[in-house]
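Shown next, in structure tokens, is the structure this report addresses.
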Amino acid sequence: MSLTQYTYDPRDREFMQIAIEEANKSIPVEKAYCVGAVLVQNDKQLTTGFSRELPGNTHAEECALLKLQDIQEAKGGTMYTTMEPCSTRLSGNRPCTDRLVEAQIGRVVMGVREPPDLVQCTGLQQLKDHGIAVYVVPDVEDACLAPNRHIIKQ
3 MSLTQYTYDP RDREFMQIAI EEANKSIPVE KAYCVGAVLV QNDKQLTTGF SRELPGNTHA
63 EECALLKLQD IQEAKGGTMY TTMEPCSTRL SGNRPCTDRL VEAQIGRVVM GVREPPDLVQ
123 CTGLQQLKDH GIAVYVVPDV EDACLAPNRH IIKQ
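In this note's numbering, each number is its position in the sequence shown, counted from 1, plus 2.
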């Protein structure tokens with residue numbers, strides 16, 4: 003059975019477009035991807051984030067969660083992210099999959115799987131193993147990978 007489930011909901015595409023805009027704000031660095039994220043609850047945008055937006059080598063999903071007044075606001079929400087949430091971090095920081103599980107996110111919508119250039123990511127499977135629904139927005143791969151041309155192997 004394929005791990006990939008697609009969403010064709012126009013609202014998912016709209017929120018993914020915002021995540022792509024966030025990813026483009028990321029300043030490229032040699033050993034990290036440029037990712038954007040949007041946290042949504044009841045079809046309303048709560049927060050956004052992008053890679054390294056906040057101090058401490060932060061990831062996009064992490065930034066979106068850190069901006070909440072109360073982490074309970076994330077419970078059952080949807081995290082839109084341009085790239086599969088990380089399951090391993092080269093920096094030693096906590097992976098985004100752990101943070102999403104702890105925040106009790108109900109659904110993750112992503113643009114692309116994490117390319118294998120840095121680590122072998124198992125974020126999709128880890129999220130599903132914790133009961134989080136995971137979907138991919140089709141036809142956004144090029145836009146999601148564009149901010150990462152500095153690192154993706156050709």
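All C-beta atoms, glycine included, are put in the ideal place defined by N, C-alpha and C.
Spatial neighbours of Gln43 in its chain, beta-carbon cut-off 6 Å, leaving aside the 5 residues before and after: Answer for Gln43: Gly79, listed in chain order.
Beta-carbon contacts of Gln106 that lie in its chain and below 8 Å, excluding the five residues immediately before and after: Counting only Cβ-Cβ distances below 8 Å, and skipping sequence neighbours, we find Ala76, Lys77 and Gly78.
Through-space distance from Leu70 to Cys146, alpha-carbon basis: Using only the alpha carbons, I get a separation of about 24 Å.
Burial state of Gln128, where buried means 16 or more other Cβ atoms lie within 10 Å: Gln128 comes out buried.
One or two residues paired with Phe52 in a DSSP bridge: In DSSP, Phe52 forms a bridge with Gly38.
Inter-residue spacing [alpha-carbon to alpha-carbon] between Val136 and Met81: Rounded to the nearest angstrom, the two C-alpha atoms are 10 Å apart.
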